[in-house]
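Engineer: Protein chains in written order, with this note's numbering: chain U, 11 to 291; chain G, 11 to 291; chain Z, 11 to 291; chain A, 11 to 291.
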């Protein structure tokens, strides 16, 4: 597996260049970013220099987020398609083959009809991305409070997400598996080993507080190893099915961190070393 | 348009042969039936004789119902596929090009996930039917009490149904437009003229009692012209877009009829004559 | 039906504004153009003024051509997607609901594999266009010399095109029916009346020389009524199935015209009056 | 990987029961068969007894062949759908999750149009199989003489097959990778390692004579290890990408074998032991 950093969990990170440096210095191989940050990176350094910088630092781009807003009106969705294309182009130039979005577990739209719209829109996004050899990762979101944060329950179960992906019907769509959402949906080792590795587009890593699982909040995450998630089970399940893709840290918190990005990246590196120490070879 | 009868509204109709006779004697051109009734018809008379009988009586088969149960478990759905194939085969032999099912406006399943399953299953049904040149008509169901008859609201709006049909993504899928559901969803002349005729696979005709629309019950229907539905608007909208397919009576009632099938068919013929008298030429 | 002009057949037409004027003065209701010409039109006049100009002249935009090159490499196709999006956006602003491309009857690619690529690419184009409520019209191309102009035969038959459209699987895809290609593929009145009108996205009108049909060249077309095509049959078939969309002139010739655009547009108007005089009401 | 036998290469095998016995006695774990043979097996022994027999002998059912004829007329295809359903049902009862068909590299149909029909039909087969949790494996066929055995070249390249599978658009469709076809299409270690393991539904194993590759005939195959195919490369590539599915022997020959099934199965077991001895652990 390929260890990665995102800026979520690092406090104030100036730009992609700094994220790459922090990743490189702390034992990571890859970073999550956005099309926008990639474009700024190229604007600052030029494409060749930007790519050389990554090469020197031994860092790859694991994933960009899906920038197009597929949860609102048709008009908003349409507007976003141009940026999606730009994102796909810049990502492809950097050899990035993943683009990810999360699926909230409730919605103010009528749920069945929103499923129709979401299927149509994500199918189109997937097709555009496919042209650039990019996979689309869909993240199911587990925390219980979010299941009632909007009027109608939507989808949060891994198997339901897999069935949805089948109905979307594009071969480059798969799961973003986040340890937090696996934990808050009662995920097991067997749930992961029931997958084949190519159903997983991307993996996020972070930990949960020692609370009743129903009370765990989405934006109250801990560094891997600081909480109660069984990473021995989570990571070994990934090893056992032969998953060889990225595993990227993403820590969402209510309050901004007080530590510097430098210290937080160091802490992240140590956290990864710790939780990965238990995996089989 | 092609006027048709179904057994719903005729009380005790012995079999398809009797339905055909009743249709023929009362000014109808077509009948709705089922794969099962077609098979029994062939069992009784032989295929050639059965087809000759229809020819003599100047009656065609407009539609069969979708027999496969797509609203339950995967296992039940799978079981139904064999009968679907048999139905498609026998329907094709009779030149029948429509197969219809209704979509209830609420469900005990989680709505978003049920939409995933329903999309997957109806897509497969559509593909099987397509091999036999049969269209699949999906009927949206309007009565308000049914929107809360099961735990979660599903879909009952014509436009939402059209968007769903697009996501199902098979070109032989369209609407079954029932005057009752048009009325109970507040349908207008413009709603129908916004369609192109090939989006309509089939039409049902029946009338509603003079009650507040929210109180109209699904199984409390009247003969066309006996109630408050504006057939002038409904039928002329179909004329104006060039719809040339069948319009078939379907009267669902709480209590069985007291009149004989003979009398009810006569009444049906008169009802059709009445409501069709107002349409443009 | 809505009569229309394109610049093909008018010699030197300066820009879209002139095309609109020529159409307006000679009894036409609509014009075919391109996304690029629409953008230039807006650049010259501003969007509001451009739309007002069309309104004043009573002219609509019937169709733009599909600018993305879907017949070459993946790279070229990808490059074209941004312009496709721009085209769709500008077309939607003008209420244009059609985008068309032609399918050559032979190819230097291996035919079966090219069918795979073409299906994938046109499916994506259709989905992008659908977001802007635009249909994609695919034109089958009949002249016999083009069937051997490249190494491998591809597709030129109307029914084969219809089956392909079904496999592309997007509901906004249909035929561009050109009288020249209908004629050169031996098309009949019945071939057209076997269609439902919504299978036809767009119609082109032009005439063929009195030669053995195998010798008719693609770029040797005549004004409607000057040749041997049976427009009585072609247009009445369209009337009989209820086609109400645009019918746009497109005259491809080997040599540039000697007449002025003014004279050629006048001739076009007279040609349309003549061939349309025979159609039923 | 799971080693398997099919009856191709064993001469006279009476029935599935005998095939299972031969597999069991010679170190195999699985067998390829057909829906028909499974039904006969159940007819002979009853379902419970048949399943117990497999369990006792430690043999699973790896794959059935796709019985529906998808290369002929629509009518023939339609006729086959009932048997496909029966096949899927019986296969599912035995826990068999694969159904495979081969794709000939040339065809008497026009190639582009045949691609349209084949896509439509295999998509439907895949959807039916999916309902029973069965994958559809498509086998590209390499021998050069077959590329000109029918009028028009079709598809024989692995990458083209993969692109086609994407266009079919069902997530349960993948490759049947046969060492013979890999060899005769100039396949390399890298061609296989460019795949992810879930793109491979099934693997066939057999060897080729020491002839110029253009002269190798489809029905002139050798036991694994008796010819010139580099199984070290082929099998290690499968190991390196983590393929854990079945690898089943299939030897097609011009003349019937002279040896008994018993002897041929023994020879098969030894051949597998030999070629598998070189793979990494």
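For glycine and all other residues, C-beta sits at the position ideal for the given N, C-alpha and C.
1) Report the three-state DSSP secondary structure of residue 243 of chain A (helix, strand or coil).
2) In the DSSP output, what is residue 149 of chain A paired with across the bridge?
3) So, helix, strand or coil for residue 71 of chain G, using DSSP?
4) Kindly say whether residue 81 of chain Z, judged by its beta-carbon, lies nearer than 8 Å to any beta-carbon of chain U.
5) So, do the region 161-170 of chain Z and the region 100-118 of chain Z have three or more beta carbon pairs nearer to each other than 8 Å?
6) Hey, which unbroken runs of the alpha helix (DSSP H) at 4 residues or more fall wholly within the region 186-212 of chain A?
7) Are the region 33-50 of chain Z and the region 39-56 of chain A touching, with three or more C-beta to C-beta distances below 8 Å?
8) Determine whether the Cβ of residue 153 of chain A lies closer than 8 Å to any Cβ atom of chain Z.
9) So, using beta-carbon positions, are residue 297 of chain G and residue 64 of chain G closer together than 8 Å?
10) Just how far apart, CA to CA, sit residue 216 of chain A and residue 286 of chain A?
11) Alpha carbon to alpha carbon, what distance is there between residue 184 of chain G and residue 21 of chain G?
12) Compute the distance between the beta-carbons of residue 210 of chain G and residue 253 of chain G, then report whether it is under 8 Å.
13) Of the residues A/97, A/251, A/275, A/23, which one's Cα is nearest the Cα of residue 52 of chain A?
14) Output, in chain order, the set of chain Z residues within a Cβ distance shorter than 7 Å of residue 176 of chain G.
15) To the nearest whole angstrom, what separates the beta carbons of residue 263 of chain Z and residue 228 of chain Z, a pair I think is in contact under 8 Å?
16) Can the beta-carbon of residue 101 of chain G be found less than 8 Å from the beta-carbon of residue 109 of chain G?
17) Closest to residue 105 of chain U by C-alpha separation, out of U/91, U/74, U/83, U/134, would be which residue?
18) Could you pull out every residue in the same chain whose Cβ sits closer than 6 Å to the Cβ of residue 112 of chain Z, ignoring the five residues on either side in sequence?
19) Straight-line CA distance for residue 49 of chain A to residue 181 of chain A?
20) What residues from the region 113-134 of chain U come within 9 Å of chain G, judged by C-beta to C-beta, listed N to C?
21) Taking the CB atoms as reference points, tell me whether residue 26 of chain Z and residue 275 of chain Z lie closer together than 8 Å.
22) Which residues, taken in chain order from the region 255-272 of chain Z, show a beta carbon closer than 8 Å to some beta carbon of chain A?
23) Could you work out which residues of chain Z lie near residue 208 of chain G, taking near to mean beta carbons separated by less than 9 Å?
24) Rounded to whole angstroms, how far is the Cβ of residue 243 of chain Z from the Cβ of residue 214 of chain Z, which I believe are closer than 8 Å?
25) Starting from residue 13 of chain U, trace the beta strand (DSSP E) both ways and give me its first and last residue.
26) Smallest Cα separation from residue 128 of chain A: which of G/141, G/120, G/127?
27) Run through DSSP, which three-state label would residue 162 of chain Z get?
28) Counting contacts by CB-CB distance shorter than 8 Å, is residue 252 of chain U in contact with chain A?
29) With 8 Å set as the bound, which would you pick, yes or no: does the beta-carbon of residue 92 of chain G sit closer than that to a beta-carbon of chain A?
30) Can the beta-carbon of residue 257 of chain Z be found less than 8 Å from the beta-carbon of residue 15 of chain Z?
31) Among all the DSSP beta bridges, which residues are the ones paired with residue 234 of chain Z?
32) Go ahead and label residue 221 of chain G buried or exposed: buried means 16 or more other beta carbons lie within 10 angstroms of its beta carbon, across all protein chains shown.
33) Using a cut-off of 8 Å between C-beta atoms, extract the partners of residue 164 of chain Z located in chain A.
34) Residues of chain U with a CB under 9 Å from the CB of residue 66 of chain G: which are they?
35) Kindly indicate the opening and closing residues of the alpha helix (DSSP H) around residue 42 of chain Z.
Structural biologist: Walking through what the data contain:
1) Your numbering for residue 243 of chain A matches position 233 in the fourth chain. Note: residue 243 of chain A maps to helix in three-state DSSP.
2) As a first step, residue 149 of chain A is located in the fourth chain; it is residue number 139 there, counting from the start. Beta-bridge pairing by DSSP links residue 149 of chain A to A/112, A/186.
3) Taking the first residue of the second chain as position 1, residue 71 of chain G is located at position 61. Residue state, collapsed to three classes: strand.
4) Your numbering for residue 81 of chain Z matches position 71 in the third chain. Not a single CB atom of chain U sits nearer than 8 Å to the CB of residue 81 of chain Z.
5) Cβ pair count under 8 Å is three or more, so yes.
6) Correct list: 189-194, 199-203.
7) Judged by Cβ distances under 8 Å, the region 33-50 of chain Z makes no contact with the region 39-56 of chain A, as fewer than three pairs qualify.
8) Residue numbering aside, residue 153 of chain A sits at position 143 when the fourth chain is read from its first letter. Not one beta carbon of chain Z lies nearer than 8 Å to the beta carbon of residue 153 of chain A.
9) No answer is possible for residue 297 of chain G: it lies beyond the span of chain G, which begins at 11 and ends at 291.
10) Mapped onto the fourth chain, residue 216 of chain A falls at position 206. Mapped onto the fourth chain, residue 286 of chain A falls at position 276. Per the coordinates, the alpha-carbon of residue 216 of chain A lies some 13 Å from the alpha-carbon of residue 286 of chain A.
11) Within the second chain, the letter at position 11 stands for residue 21 of chain G. Within the second chain, the letter at position 174 stands for residue 184 of chain G. Taken atom to atom, the span from the alpha-carbon of residue 21 of chain G to that of residue 184 of chain G is near 29 Å.
12) Residue mapping note: residue 210 of chain G aligns to position 200 of the second chain, counting from 1. Residue mapping note: residue 253 of chain G aligns to position 243 of the second chain, counting from 1. The criterion of a C-beta distance shorter than 8 Å is satisfied by residue 210 of chain G and residue 253 of chain G.
13) One-based indexing of the fourth chain puts residue 52 of chain A at position 42. Nearest to residue 52 of chain A by alpha-carbon distance, out of A/97, A/251, A/275, A/23, is A/97.
14) By one-based count along the second chain, residue 176 of chain G stands at place 166. Under the 7 Å cutoff, chain Z gives 181.
15) Position 253 of the third chain, counted from the start, is the residue given in the question as residue 263 of chain Z. Position 218 of the third chain, counted from the start, is the residue given in the question as residue 228 of chain Z. Taking a contact as a CB-CB distance under 8 Å, the pair residue 263 of chain Z and residue 228 of chain Z does not count as one, their CB atoms being some 10 Å apart.
16) The count along the second chain starts at 1 and reaches residue 101 of chain G at position 91. The count along the second chain starts at 1 and reaches residue 109 of chain G at position 99. A contact, by the Cβ cut-off of 8 Å.
17) What you label residue 105 of chain U is simply residue 95 of the first chain in a count that begins at 1. If we check each option's Cα against that of residue 105 of chain U, U/74 comes out closest.
18) Your numbering for residue 112 of chain Z matches position 102 in the third chain. Excluding residues within five positions, the ones whose Cβ falls inside 6 Å are 149, 151.
19) As a working note, residue 49 of chain A is residue 39 in the fourth chain. As a working note, residue 181 of chain A is residue 171 in the fourth chain. The straight-line gap from Cα to Cα measures roughly 27 Å.
20) Look at the region 113-134 of chain U: the residues with a C-beta under 9 Å from a C-beta of chain G are 117, 120, 121, 122, 123, 124, 125, 126, 127, 128, 129, 130, 133.
21) Residue 26 of chain Z sits at position 16 when you count from the first residue of the third chain. Residue 275 of chain Z sits at position 265 when you count from the first residue of the third chain. In this structure, residue 275 of chain Z does not lie closer than 8 Å to residue 26 of chain Z by Cβ.
22) Cβ contacts with chain A come from no residue of the region 255-272 of chain Z.
23) Within the second chain, the letter at position 198 stands for residue 208 of chain G. Near residue 208 of chain G (Cβ distances below 9 Å), the residues of chain Z are 206, 207, 208, 209.
24) In the third chain, residue 243 of chain Z corresponds to position 233, counting from 1. In the third chain, residue 214 of chain Z corresponds to position 204, counting from 1. The Cβ separation is near 16 Å, so there is no contact.
25) Numbered from its first residue, the first chain carries residue 13 of chain U at position 3. 12-15 is the extent of the beta strand (DSSP E) around residue 13 of chain U.
26) What you label residue 128 of chain A is simply residue 118 of the fourth chain in a count that begins at 1. The candidate whose alpha carbon is nearest that of residue 128 of chain A is G/141.
27) Within the third chain, numbered from 1, the residue matching residue 162 of chain Z stands at position 152. In this structure, DSSP gives residue 162 of chain Z an extended state, which the three-state scheme calls strand.
28) Within the first chain, numbered from 1, the residue matching residue 252 of chain U stands at position 242. Chain A contact via Cβ: present.
29) As a position in the second chain, residue 92 of chain G is number 82, starting the count at 1. Closer than 8 Å to some Cβ of chain A, the Cβ of residue 92 of chain G qualifies, so yes.
30) The count along the third chain starts at 1 and reaches residue 257 of chain Z at position 247. The count along the third chain starts at 1 and reaches residue 15 of chain Z at position 5. No, these two residues do not count as a Cβ contact at 8 Å.
31) Numbered from 1 along the third chain, position 224 holds the residue referred to as residue 234 of chain Z. DSSP lists no partner for residue 234 of chain Z.
32) Start at 1 with the first residue of the second chain, and residue 221 of chain G comes out as number 211. Counting of Cβ neighbours within 10 angstroms places residue 221 of chain G among the exposed residues, the total staying below 16.
33) Here the question's residue 164 of chain Z lines up with position 154 in the third chain. Ordered by position in chain A, the residues that pass the 8 Å Cβ test against residue 164 of chain Z are 122.
34) The residue labelled residue 66 of chain G in the question sits at position 56 within the second chain. Those within 9 Å of residue 66 of chain G in chain U number zero; the least Cβ separation is about 46 Å.
35) Position 32 of the third chain, counting from 1, holds the residue named residue 42 of chain Z. Unbroken run through residue 42 of chain Z is the beta strand (DSSP E), 40-43; no alpha helix (DSSP H).
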